[in-house]
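Peer 1:
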Amino acid sequence: MQVFSVVKRFAVVSIIATFLLSACQEGKLSSYQGDARPSVLLTSEVLGDAPNYPALQPYPLSEELEAAWRVPSSNTGGWTVNPSNRQLARAFYNSVYSASLNTPIEWTGNHAACNAGATSSAFKDSVLARINYFRAMAGVPASVTLSNTFNTKAQQAALMMSANNSLSHTPPSSWRCYTADGYTAASSSNISLGHNGWDAVGGQMRDNGTNNTVAGHRRWLLYPQTQQMGTGDVPAIDTYSAANAVWVFDGRFGSARPTTRDDFVAWPTKGFNPYQVVPVRWSFAYPGANFANATVSMKQGSVNVPVTLETPTNGYGENTLVWRPNNMTPDQDWPKPAADTSYQVSVNNVTVNGSSRNFSYTVTVIDPQSVGTSEEQVQVSGNTNPVGGALATYTFNAVSLAQQYEAYVAEISEATGSYNAESDSLNVTDGTDASYDLIYSDSDISDTAVYRLAPVTSSETVEFPITYIPSGDSILQFDSKLGYATDGQTAALQISVDGGASWRDIYSKTGTSSGNEEESAFSTKTLSLSAYADKLVKFRAQYRHNGYRYVGVTSDVSFLVDNVQISNAQQVVAESIQNTGSATSFSFTPANGKRYALAGRAIPWVGYPGLDWGAVLYSDAAHGVDTQPDAFSFTAQTNVARSSLMTSNEVTVSGIEVAVAMSVAGGHYSINGAAFTNTPRLVSNGDRVRVQHTSATGYATKVDTTLTIGGVDGTFSSTTLTEPVDTTPDAFSFTAQTNVVRSSAMTSNSITVGGINAPAAISVAGGSYSINGGAFTSTAGTVSNGATVRVQHNASANYATKVDTTLTIGGVSSMFSSTTLAEPIPMIFSEKTDVLPSTLMTSNSITVNGLTAPVALTITGGEYSKNSGVYSKAKGTVQNGDQLVVRHTSSSKSKTAVTTTVKLGAQTLTFKSTTLVIDTAPDAFSFAELTNVLPATVLESELVTLTGMNAPTAVSISAGEYSLNGGAYTKAKGTAKTGDTLRVRHVSSSKSQGKVTTALTVGGVKASFVSTVMLLDTVPDAFSFPAKTAVALNTVVESDPATIAGINVPTAVSVSGGEYSLNGGAYTKVKGALKAGDILRVRHLSSKVAKKTVTTTVMVGTIKAVFKSTAQ
């Protein structure tokens, strides 16, 4: 039993396939791939924050079509679309959106050289078309263009993200491939890692991920005022991830808002939305709106849809409210609907210009491959039995969506044969990855070969390219078997009704992740094609994945298909497609007895594919007038002079009833003695025709002129005379070779003998020769025209010495020489001694010499720089003349050597450094003692400067903190070096004459900082409050003030039977503290009883005072 490992997706930053980021959010990409047996690969995406506009302060892959065409450079935007028209919304996705897919990037840059390069114009067009698609659907101006300046800078930003496998809007200058322009672009762009091009734009519109609650990337892409953007894109290469930067700030932020389709901007938009572009996060934007108190409610029919509101955040394009329907999580994709699904959206209590407003609209999610019930289609009408050989004209109805029309004319016959991998009798179109063969042998069925679709890319296909026209009882039959498959893998048979522009499933089987093969054996599937009767259709098999998948190319993880056959249908033999512009008619000339299929379709956007082909009109051509002439011939002429004008005999046209077309290839013709011409014309029965051409410039060479009359050909030929004997060849030469290895066999370049027409003598001096790759010889012989010749000799055994070999052919000679290399100069890296520990040591520069060819370079124990380039540890190559420098970090230990070893081919070089004797003990240092200090007070020592060390040394402290070179105070152990400054601090004792000692140890040398508190006096001089008599009953009575003296530190104060006040402050009963010079008062409420006394007692330190009042 075979066991397969499945690595599932984790929602952690360290294992992701796509990363998107904007301002102040950084991330890292890494990947995991299991063993060689089937395992699961990641296809999810994680998005970072979107950028704030600089002038403001901050308050998985969906199913997509595979494009069979490219975005036309002349039509990348400027569209106005009304998504309330289902057919238009569906066609806009199938035509314009899908045109971006699979456009080659053709990147000219290089990661190692930090060359940002550029992408193809077609690739940039595809990105722009995708941006304008979303804007047109959202109802904002879709005429964004790309700025070359923005493109160039964004390209540098994309390279920086890819080269560092990380994202940042403020990349540090230490980043690989850092540039100032790249930094500017990073802070002005939506940036992506793991995606590029149109795919990155789609990710930014989805704005998935737990941190993208504001949907900021989408808001910048749909900002109505924006007119220019830029795109920078880098592909995934080796360990470098794909990256993208879409420049979104064109300086128009806050400018006058242009007219939009609605006064708000919603995504998904109001109307019909293909489910592939519907995100988990929905958004509603309104300029200047306040969404603090806004609410959102949704209904699907009469059923309430739960809504999770995100916190409104401004600073990203227009003010926007964001929510998630149906409790969907931020990393999900919108599911494919079984049928059109409408949602009624209500956004209420939105504050606009100080007033509350409510908004409502309907969003309908559709499958764009599902045809609507009332779509407009082109229907061709006209004569179904035209006369063969005569021009026939047909008309069709106008369609409101059309800018242009296409007419389809095809000769058809009964469908026969099957697509069988054994015989491959009907050719197929291989859409599989180049890493494996489509035809797979030795499968577990009775046949010996099948078509194999392995799960290598997200979509593997084999197309059965004949166009068919099913009838009401047509059947598609095929054999297939599906191996191990996850629930993210689907095997399908697909049909196209628009000539292969888009495809839809007519059979599909999705895996179950069961750990077993989904089908244990091949089985025959039979599908009715009645739903496609009288339609032009194509078929293909597809194996796709969305999410994780099994990996491999063996049959047990593949979708295997064979014996595909369509019965009871017509097939196209030959076809022609005419673009009729805005005209609703077309013409063609049918051949006698042939059957034709005629159809038409509308093209809503020029340069993009049209809508589905309309129903077929069948046309059977009847026999017409005779337009085929009798056979005719011209007399061949031989041994004619070179480059002379040759005229044929005259032929008379016969056997036709009407004038027919006549054309000529390879010459001119004359009718009835008129001037010669090569322009096609009509010719009639009885006309006399000659042809004419110029004979060949070479000897014994034939020239043909073919005249075609009504489909019948006649050829006039002339052959020039035989060439006279010539044994003197054209001059030839050999390329000298230099810096060759001594005593080695040297073989020249190959020369081709030319200019002779008979064998010529050949001889050699100082070596040997070979003709047409045969054995080398020094014996004289003969050689023919067109033969290839090489010579050979042994190089000299000495340095810098030349050897010559002379070849002579028919009296013409040429010399082949080789010169041995110069004597090599020793390559030595000088040793360095008594160096500082843990220090970067750089060698002297050496010049590589003595090599005969580039050799491999490897390095251990250090890094190298070639020709002043960046330092690297990676393997490389060197050649003569290269400048090499190596470096390493010296040992951290005393008197210890570090060696870097460089291998140039078989030669070994070393660079060595030895550290000096390390002294980590500083000169003695001390701190002055502080006396008579205040208690519980932070005290700092004076500054000391360390001397006497030649290496960093340990610093530690007890009972305090230290500051190094004016930095923050710390208790942690650290290191210091000669010249560093140190200061210590501690908190003095809280006791009278208490002492605190802080010990600082540097490299084993200790110094103490000591402080002693002064003698504390907390007993104040005696004080009193005069009594008050005859005071009013039940009244607040305040004492006279008393000034405190005789203490030198803050002293406790408390009160009973009243309240006290310090220095005129608020009265309180809470214990406190006072100091010498403070003014103390007390108060209480007098007695309610006449002649009765109330007493308040105050304690300051250990001294008591009372305040009395007696009621009147």
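Each residue of the sequence shown is one higher than the one before, starting from 1 at the first, in UniProt numbering. Glycine residues also receive a C-beta, built at the ideal position from the N, C-alpha and C atoms.
Please return the same chain residues whose Cβ sits closer than 7 Å to the Cβ of A1022, not counting the five positions on each side in sequence.
Peer 2: Position 1022 of the sequence shown holds residue 1022. I1103, listed in sequence order.
Peer 1: Judging by CA-CA distance, which residue of P224, Y468, N880 is the nearest neighbour of S530?
Peer 2: Taking the first residue of the sequence shown as 1, we reach residue 530 at position 530. Checking every option, the nearest Cα to that of S530 belongs to Y468.
Peer 1: Does DSSP classify I105 as helix, strand or coil?
Peer 2: Start at 1 with the first residue of the sequence shown, and residue 105 comes out as number 105. It is coil, neither helix nor strand.
Peer 1: Whole-angstrom Cβ separation of I1079 and P1041, contact assumed at under 8 Å?
Peer 2: The count along the sequence shown starts at 1 and reaches residue 1079 at position 1079. The count along the sequence shown starts at 1 and reaches residue 1041 at position 1041. Indeed, because the Cβ distance is near 5 Å, the residues count as touching under 8 Å.
Peer 1: Is the separation between the beta-carbon of R252 and that of T226 shorter than 8 Å?
Peer 2: Start at 1 with the first residue of the sequence shown, and residue 252 comes out as number 252. Start at 1 with the first residue of the sequence shown, and residue 226 comes out as number 226. The answer is yes: Cβ separation under 8 Å.
Peer 1: Checking contacts by CB at 8 Å: is S838 closer than that to chain B?
Peer 2: The displayed structure is made up of one protein chain only, and chain B is not part of it.
Peer 1: How about G483 and E463: are their beta carbons less than 8 Å apart?
Peer 2: Taking the sequence shown and counting its residues from 1, one reaches residue 483 at position 483. Taking the sequence shown and counting its residues from 1, one reaches residue 463 at position 463. Cβ atoms of G483 and E463: not closer than 8 Å.
Peer 1: Starting from W198, trace the alpha helix (DSSP H) in both directions and tell me its first and last residue.
Peer 2: Counted from its first residue, the sequence shown places residue 198 at position 198. Note, W198: alpha helix (DSSP H), 197–206.
Peer 1: Name the one or two DSSP bridge partners that Y550 has.
Peer 2: As a working mapping, residue 550 is identified with position 550 in the sequence shown. Answer by DSSP bridge pairing: none, since Y550 is not bridged.
Peer 1: To the nearest angstrom, how far is it from the Cα of L884 to the Cα of A921?
Peer 2: In the sequence shown, the residue the question calls residue 884 occupies position 884. In the sequence shown, the residue the question calls residue 921 occupies position 921. Each residue's Cα considered, the two are about 39 Å apart.
Peer 1: Looking only at C-alpha atoms, which of D687, A665, G666 sits nearest to A674?
Peer 2: Taking the first residue of the sequence shown as 1, we reach residue 674 at position 674. Per the Cα distances, D687.
Peer 1: Is the segment 110–124 close to the segment 183–190, with three or more CB pairs under 8 Å?
Peer 2: Short answer: they don't touch.
Peer 1: Do you know whose CA, among V1002, A138, M815, P368, lies nearest K336's CA?
Peer 2: Counting from one through the sequence shown, the residue named residue 336 turns up at place 336. It is P368.
Peer 1: Using 8 Å for Cβ pairs, my map puts residue 1133 next to F734. What's the rounded Cβ distance?
Peer 2: In the structure as shown, the chain begins at 1 and stops at 1112. Residue 1133 is therefore absent and cannot be evaluated.
Peer 1: Is it true that the CB of V791 sits closer than 8 Å to the CB of G767?
Peer 2: Translated into the one-based positions of the sequence shown, residue 767 becomes position 767. Translated into the one-based positions of the sequence shown, residue 791 becomes position 791. Result yes, Cβ atoms of G767 and V791 sit closer than 8 Å.
Peer 1: Within the UniProt domain "SCP" (128–240), note down every full beta strand (DSSP E) run reaching 3 residues or more, in order along the chain.
Peer 2: Whole beta strand (DSSP E) segments, 3+ residues: 189–193, 228–234.
Peer 1: In the DSSP assignment, the beta strand (DSSP E) including A574 goes from what residue to what residue?
Peer 2: The residue labelled residue 574 in the question sits at position 574 within the sequence shown. Counting along the chain, the beta strand (DSSP E) containing A574 begins and ends at 559–581.
Peer 1: Can you list, in chain order, the residues of its chain with a C-beta nearer than 6 Å to that of E106? Leave out the 5 residues immediately preceding and following it.
Peer 2: In the sequence shown, residue 106 corresponds to position 106, counting from 1. Closer than 6 Å at the Cβ level, and outside the excluded window around E106, lie S120.
Peer 1: Give me the residue from Y550, S480, S502 with the minimum Cα distance to S508.
Peer 2: As a first step, residue 508 is located in the sequence shown; it is residue number 508 there, counting from the start. Comparing Cα-Cα distances from S508 to each of Y550, S480, S502, the minimum goes to S480.
Peer 1: In the structure shown, what three-state DSSP assignment does D479 receive?
Peer 2: As a first step, residue 479 must be located in the sequence shown, where it is residue number 479. In the structure shown, D479 sits in a strand (DSSP, three-state: E or B).
Peer 1: Check each candidate in V352, F150, S423, S355 and name the one with the smallest Cα separation from N563.
Peer 2: For the purposes of this step, residue 563 is identified with residue 563 of the sequence shown, where counting begins at 1. Among V352, F150, S423, S355, the Cα nearest to that of N563 is on S423.
Peer 1: Relative to the C-alpha of residue 1133, which candidate in T351, I918, T877 has its C-alpha closest?
Peer 2: With the chain covering 1 to 1112 only, the question about residue 1133 has no answer from this structure.
Peer 1: Report the rounded CA-to-CA distance for L309 versus L321, giving the unit in angstroms.
Peer 2: Taking the sequence shown and counting its residues from 1, one reaches residue 309 at position 309. Taking the sequence shown and counting its residues from 1, one reaches residue 321 at position 321. Rounded to whole angstroms, L309 to L321 spans 8 Å at the Cα level.
Peer 1: Quick check: the Cα distance between T708 and T694, rounded to an integer number of angstroms?
Peer 2: As a working mapping, residue 708 is identified with position 708 in the sequence shown. As a working mapping, residue 694 is identified with position 694 in the sequence shown. For T708 and T694, the distance between alpha carbons rounds to 19 Å.
Peer 1: Among Q404, P141, N867, Y93, which one has its Cα closest to the Cα of V265?
Peer 2: Residue mapping note: residue 265 aligns to position 265 of the sequence shown, counting from 1. That would be P141, whose Cα lies nearest to the Cα of V265.
Peer 1: Measure how close the beta-carbons of N427 and P465 come, nearest whole angstrom, since I'm counting them as under 8 Å.
Peer 2: The count along the sequence shown starts at 1 and reaches residue 427 at position 427. The count along the sequence shown starts at 1 and reaches residue 465 at position 465. Indeed, because the Cβ distance is near 7 Å, the residues count as touching under 8 Å.
Peer 1: Residues in its own chain within less than 7 Å of A924 by CB, not counting five upstream and five downstream?
Peer 2: Along the sequence shown, one-based indexing puts residue 924 at 924. Only V1005 meet the Cβ criterion.
Peer 1: Measure the beta-carbon distance from L840 to L916 and round it to whole angstroms, keeping in mind my assumption that it falls under 8 Å.
Peer 2: Residue numbering aside, residue 840 sits at position 840 when the sequence shown is read from its first letter. Residue numbering aside, residue 916 sits at position 916 when the sequence shown is read from its first letter. That belief does not hold up - the Cβ atoms of L840 and L916 are roughly 16 Å apart, past 8 Å.
Peer 1: How would you label D834, buried or exposed, when you count the other beta carbons within 10 angstroms and need 16 or more for buried?
Peer 2: In the sequence shown, counting from the first residue as 1, residue 834 sits at position 834. Exposed: under 16 other Cβ atoms inside 10 Å.
Peer 1: Quick one, which of G488, S558, L493 has its alpha-carbon nearest S513's?
Peer 2: Residue 513 sits at position 513 when you count from the first residue of the sequence shown. It is G488 whose Cα lies nearest to the Cα of S513.
Peer 1: Just the C-alpha distance for V870 and L982, rounded to the nearest angstrom, thanks.
Peer 2: Indexing the sequence shown from 1 puts residue 870 at position 870. Indexing the sequence shown from 1 puts residue 982 at position 982. About 38 Å.
Peer 1: Using 8 Å as the cut-off, can you tell me whether the segment 956–968 makes contact with the segment 981–1000, which would need three or more C-beta pairs spanning the two stretches below that distance?
Peer 2: These segments touch.
Peer 1: Considering just the uninterrupted stretch of the alpha helix (DSSP H) at L88, what are its terminal residues?
Peer 2: Taking the first residue of the sequence shown as position 1, residue 88 is located at position 88. Residues 86–92.
Peer 1: Do you know offhand how far T239's Cα is from R70's?
Peer 2: Mapped onto the sequence shown, residue 239 falls at position 239. Mapped onto the sequence shown, residue 70 falls at position 70. If I take the Cα positions, the gap works out to 29 Å.
Peer 1: With distances taken from CA atoms, which of V561, G230, V1094 is nearest W198?
Peer 2: For the purposes of this step, residue 198 is identified with residue 198 of the sequence shown, where counting begins at 1. Among V561, G230, V1094, the Cα nearest to that of W198 is on G230.
Peer 1: Measuring straight from C-alpha to C-alpha, what distance separates Y93 and S458?
Peer 2: Counting from one through the sequence shown, the residue named residue 93 turns up at place 93. Counting from one through the sequence shown, the residue named residue 458 turns up at place 458. Cα-Cα distance, rounded: 20 Å.
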